[in-house]
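Engineer: Numbering (our numbering), first residue to last: 501 to 827.
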Amino acid sequence: MFERILIVDDESASRIPLATLLRREGYEVRDVGEGGAALTECASFRPDLILLDVMMPGVDGLEVCRRIKATPETRLTPVVLITGLSATEDRIKGINSGADDFLSKPIDFNELLARTRSLLRLKQYTDELESAEGVLFSLAQSIEARDPYTSGHCERLAEVSSRLGQKLGLPEEEIKALRRAGIVHDIGKVVVPDAILLKPGPLSAVETEVMRKHPVVGERICAPLRTFGLVLPIIRHHHERHDGSGYPDGLRGDEIPLTAAILQLADVYDALTTDRPYRKASSPEFALQIMDEEATRGWWDRNLFDDFRAMIGSGHLASHRFGKVAR
Ligand SMILES: [Fe+2]
Numbered sequence: 501m502f503e504r505i506l507i508v509d510d511e512s513a514s515r516i517p518l519a520t521l522l523r524r525e526g527y528e529v530r531d532v533g534e535g536g537a538a539l540t541e542c543a544s545f546r547p548d549l550i551l552l553d554v555m556m557p558g559v560d561g562l563e564v565c566r567r568i569k570a571t572p573e574t575r576l577t578p579v580v581l582i583t584g585l586s587a588t589e590d591r592i593k594g595i596n597s598g599a600d601d602f603l604s605k606p607i608d609f610n611e612l613l614a615r616t617r618s619l620l621r622l623k624q625y626t627d628e629l630e631s632a633e634g635v636l637f638s639l640a641q642s643i644e645a646r647d648p649y650t651s652g653h654c655e656r657l658a659e660v661s662s663r664l665g666q667k668l669g670l671p672e673e674e675i676k677a678l679r680r681a682g683i684v685h686d687i688g689k690v691v692v693p694d695a696i697l698l699k700p701g702p703l704s705a706v707e708t709e710v711m712r713k714h715p716v717v718g719e720r721i722c723a724p725l726r727t728f729g730l731v732l733p734i735i736r737h738h739h740e741r742h743d744g745s746g747y748p749d750g751l752r753g754d755e756i757p758l759t760a761a762i763l764q765l766a767d768v769y770d771a772l773t774t775d776r777p778y779r780k781a782s783s784p785e786f787a788l789q790i791m792d793e794e795a796t797r798g799w800w801d802r803n804l805f806d807d808f809r810a811m812i813g814s815g816h817l818a819s820h821r822f823g824k825v826a827r
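#1: Looking at ligand 1, does it come within less than 7 Å of D686, judged from the CB to the closest heavy atom?
#2: Let's test the definition: count the other Cβ atoms within 10 Å of the Cβ of P572 and tell me whether it reaches 16, buried, or not, exposed.
#3: T574: which of F545, G729, M556 and V554 sits nearest, CA to CA?
#4: Give me whichever residues DSSP pairs with F528 in a beta bridge.
#5: In the DSSP assignment, find the unbroken beta strand (DSSP E) run with L469 in it and report its ends.
#6: By alpha-carbon positions, which one of L758, H685, S704 and M711 ends up nearest to R736?
#7: Only counting the same chain, and skipping five residues up and downstream in sequence, which positions put a Cβ closer than 8 Å to that of E528?
#8: With a threshold of 7 Å, establish whether the CB of H714 neighbours any heavy atom of ligand 1.
#9: Helix, strand or coil for E630, going by three-state DSSP, please let me know.
#10: In or out: A538 buried (at least 16 other Cβ within 10 Å) or exposed?
#11: Identify every residue that forms a DSSP beta bridge with L603.
#12: Ignoring anything shorter than 4 residues, give me the alpha helix (DSSP H) runs that lie fully in the region 755-798, in order along the chain.
#13: Could you check what DSSP says for A513 in three-state terms: helix, strand or coil?
#14: Could you work out which residue in L552, F805 and W799 is closest to T577 when comparing CA atoms only?
#15: Within 10 angstroms of its Cβ, does E755 collect 16 or more other Cβ (buried), or is it exposed?
#16: Report yes if the C-beta distance between V690 and R591 is below 8 Å; otherwise report no.
#17: Report the residue from A681, I683 and P777 whose alpha carbon sits nearest the alpha carbon of L698.
#18: Can you tell which of E740, E563 and P547 has the C-alpha that lies nearest to the C-alpha of G798?
#19: Could you give the residue range of the alpha helix (DSSP H) that holds V684?
#20: For L620, does the three-state DSSP call read helix, strand or coil?
#21: Please work out which residues of its chain come closer than 7 Å, Cβ to Cβ, to P700, disregarding the five sequence neighbours upstream and downstream, and give them in chain order.
#22: For D608, is the classification buried or exposed, using 16 other Cβ atoms within 10 angstroms of its Cβ as the cut-off for buried?
#23: Leaving out five residues before and five after R567 in sequence, what residues of the same chain have Cβ atoms less than 7 Å from its Cβ?
#24: Is it buried or exposed for A519, if we count other Cβ within 10 angstroms and need 16 for buried?
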């Protein structure tokens, strides 16, 4: 069976060549020129992927996207928004409307085909929702492929946070949730452009806002998985801080789920002990010293951090990096 793609663009000069290209690649393609028709096609054609222009007269692309994502039958259909060049603000609106990915005009056909293939693969996985491990795998791959600095990061987090959970005597389901969250916690970064994700310096206010969407987007991506009930709060809250200065909800103290606080310590430690585009890796000792100061400042729960430090310092994790114990 051919995979079905719906193209929505009011300009036939950009819509028709796209449709021709995708048909040549073997996809079944329909194209429409306005938002209302797009919604009708969604119901009858049941596309596996929608390429959606933002700027259209009448019902615009953002509104079409919102409606697609609010409809139970189509909410899992990936939507790629096609935006103008001043993409950052459009992206925030697009993320809020539920878009899964973005392409800038003028469209680079190779990029389009690569994104199309990867989103259709993801769609195939979500069609087989029971295959949660398959989804996990593809999601984890897509994160790590984009950022060479995070190579192995997710596996280390899964390992270390589940170990700390075990040490604290958490129930088995929460340990499992920590393991899964370690892999998928940053999956919402699929909507953060490389220019921000890989920027070798401080982010601007707008870039920070885009970056800070990733926990909420990640929660939304994983929400359809029935087996992910305990994973979702970890994804959403892995950037909260004990004193309420974190995001996205500014939770403080015990309002933050313990599992999320555990994952966050592992995440911060791993980031500090790994090379980044803008700095070299810290030694484990120095990383723990920095985190100790942050705990004193109120960012981390003091007792939990002490448990974490004791675990890191207990020998089997102290050798160098988490990667050494992950096997
Ligand atoms: Fe994150």
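Here a beta-carbon is modelled for each residue, glycine too, at the ideal position from N, C-alpha and C.
Structural biologist: Concretely, from the data shown:
#1: yes
#2: exposed
#3: F545
#4: For the sequence presented, residue 528 should be read as Glu rather than Phe. For E528, which the question treats as bridged, DSSP gives the partners R504.
#5: Here the chain has residues from 501 to 827 only, and residue 469 is not among them.
#6: H685
#7: F502, E503, R504 and I505
#8: yes
#9: Here the model assigns E630 a pLDDT of 45, short of 50, so the residue's position is not dependable, and the following value carries that caveat. Three-state DSSP puts E630 in coil, outside helix and strand.
#10: buried
#11: I582
#12: 758-772 and 784-797
#13: helix
#14: L552
#15: exposed
#16: no
#17: P777
#18: E740
#19: E672 to V684
#20: helix
#21: P777 and Y778
#22: exposed
#23: L539
#24: buried
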